[in-house]
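Protein chains: 2
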Amino acid sequence: MFSKACEYGIKASTYIPLQSLQRRRVSLSEIANEIDSPTAFTAKILHQLAKANILDSTKGPAGGFQIPKARIDTIKLGDIVFAIDGDSIYEGCGLGLDKCNADKPCPVHYKFVVIRDELKRMLQNTSLFELATGLETGLTYLKR
Amino acid sequence: MFSKACEYGIKASTYIPLQSLQRRRVSLSEIANEIDSPTAFTAKILHQLAKANILDSTKGPAGGFQIPKARIDTIKLGDIVFAIDGDSIYEGCGLGLDKCNADKPCPVHYKFVVIRDELKRMLQNTSLFELATGLETGLTYLKR
DNA sequence: ATTTTTTCAGATAATTTTATCCGAATTAAA
DNA sequence: TTTAATTCGGATAAAATTATCTGAAAAAAT
């Protein structure tokens with residue numbers, strides 16, 4: 000469904016707010032450790048999310064990543080997915096046709112529209128705050 | 000969503016019944032041409048589907064691929080997907096965790112269950128007959 | 001029997017995705 | 001001002017997926 004990169008991106012974006020709510024910056028190594036991901040690869044993804052304005056990064060000692068408190072509630076799961084995997088999950092044809100739409104649909108087009116609309120809605124309705132809360136209360140997990 | 004291999008598999012499985020309904024066997028080259036896929040790679044996938052008992056293949060002149068009439072209605076889209084991509088789409092965690100279930104769910108677990116159940120249902124309710132009919136009536140397309 | 005047409009099977013190649021490595025740039029602290 | 005801790009950026013490597021090539025096996029037609 001999502002690329003590995005996107006999976007790591009989502010996990011990181013779920014963990015970071017947990018600390019940002021207490022104004023704590025988190026380092027790359029802490030993140031990679033907490034979400035059980037390859038460090039250097041994770042760096043690229045975090046960088047990508049920083050460029051997309053989803054998180055803030057600061058260099059130097061005591062530097063790290065952070066999401067401004069106010070944004071934790073407004074950033075949605077879909078924003079992360081879009082920043083990393085692009086619009087393929089929203090626009091792409093289920094069978095990989097270049098041009099597939101209501102005018103010239105592939106055999107599974109209408110079947111997929113239904114599923115994808117629901118997925119879309121879910122991604123745009125789920126905030127990082129909601130995801131982070133699940134973690135904080137011990138209801139959900141990022142490892143194992 | 001699906002692998003390229005699976006996309007080709009679905010397309011082939013949509014085209015073949017169109018001919019099988021008229022007791023016509025189709026050759027690899029015709030299939031690859033009709034679904035606009037790389038020939039040799041398509042051969043592998045068709046072979047895989049043959050081993051999974053989803054289609055019949057016969058060698059020699061006038062050989063090719065076929066799906067017994069009676070089975071066109073009972074084979075579901077989900078059978079093709081399972082034969083090629085395995086159960087990843089049914090079982091895999093949205094964030095790639097090894098063990099993710101109601102006991103120890105990932106942050107998006109419950110959100111995904113809903114989507115996946117609908118996808119599952121769709122895949123198991125859609126028969127090759129239904130897909131082929133769309134093609135035959137000119138309602139859907141396999142190329143471009 | 002021989003030839004021709006086809007799928008089958010294994011080896012190899014190309015591409016994409018995932019992952020690592022290393023040094024540069026930045027910033028805070030000493 | 002130096003040092004240490006960190007992200008940034010580009011090069012490279014490894015792994016997985018996609019694609020091609022080549023010859024063997026099977027079966028029908030000649």
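Chains A and B, in that order, are what the protein sequence lines are. The first sequence runs 0 to 143 under numbering that gives the first Met the number 0. The second sequence runs 0 to 143 under numbering that gives the first Met the number 0. Here a beta-carbon is modelled for each residue, glycine too, at the ideal position from N, C-alpha and C.
When only Cα atoms are considered, Leu141 (chain A) and Asp35 (chain A) end up about 8 Å apart. Taking each of B:Gln47, B:Gly63 and B:Ser2 in turn and checking the Cα distance to Ile30 (chain B), the smallest one comes out for B:Gly63. With respect to chain A, the C-beta atom of Gly137 (chain B) has no partner C-beta closer than 7 Å.
Put simply, the region 34–52 of chain A touches the region 0–11 of chain A. At least three CB pairs are less than 8 Å apart. Each residue's CA atom was taken as its position, placing Leu127 (chain B) and Ser2 (chain A) some 29 Å apart. Within its own chain, the residues whose Cβ lies closer than 8 Å to the Cβ of Met0 (chain A), once the five positions on either side in sequence are excluded, are Ile88, listed in chain order. Within chain A, the residues Val113, Ile114 and Glu117 have their CB atoms less than 8 Å from the CB of Glu117 (chain B), given in chain order.
Here DSSP, grouped into helix, strand and coil, assigns Gln47 (chain A) to helix. In terms of beta-carbon proximity, Leu127 (chain A) stays away from the interface with chain B, with every pair separated by 7 Å or more. Close to chain A, meaning a Cβ-Cβ distance shorter than 7 Å, are the following residues of the region 9–24 of chain B: Ile9, Lys10 and Thr13. Taking the beta carbon of Lys98 (chain A) as reference, the chain B residues within 7 Å of it are Arg143, listed in sequence order. Contact of Lys75 (chain A) with chain B is not assigned, every C-beta pair being separated by 7 Å or more. The shortest CA-to-CA distance from Asp86 (chain B) to any of B:Pro106, B:Pro104, B:Lys58 and B:Arg115 is the one to B:Arg115.
In this structure, Gly93 (chain A) lies near Phe111 (chain A), with their beta-carbon atoms less than 7 Å apart. Residue-level contact check: Leu45 (chain B) does not touch chain A, since none of the beta carbons of chain A fall below 7 Å from its beta carbon. A direct Cα-to-Cα measurement between His46 (chain A) and Asp78 (chain A) gives close to 15 Å. For Gly95 (chain A), at least one C-beta of chain B is nearer than 7 Å to its own C-beta. Between the beta-carbon of Gly133 (chain A) and that of Pro106 (chain B) there is about 5 Å, and that keeps the pair under the 8 Å contact cut.
Closer than 7 Å to the CB of Gly85 (chain B) there is not a single CB belonging to chain A. CA-CA distance, Val25 (chain A) to Gln18 (chain A), rounds to 7 Å. Leaving aside the five residues that flank Ser12 (chain A) on each side, the residues in its chain whose CB is nearer than 6 Å to its CB run, in chain order, Ile79 and Leu127. Listed by position along chain B, the residues whose Cβ is nearer than 7 Å to that of Glu6 (chain A) are Leu94 and Gly95. At a cut-off of 7 Å between beta carbons, Lys110 (chain B) contacts chain A. Within chain A, no residue has its CB atom less than 8 Å from the CB of Leu54 (chain B), the nearest being about 17 Å off.
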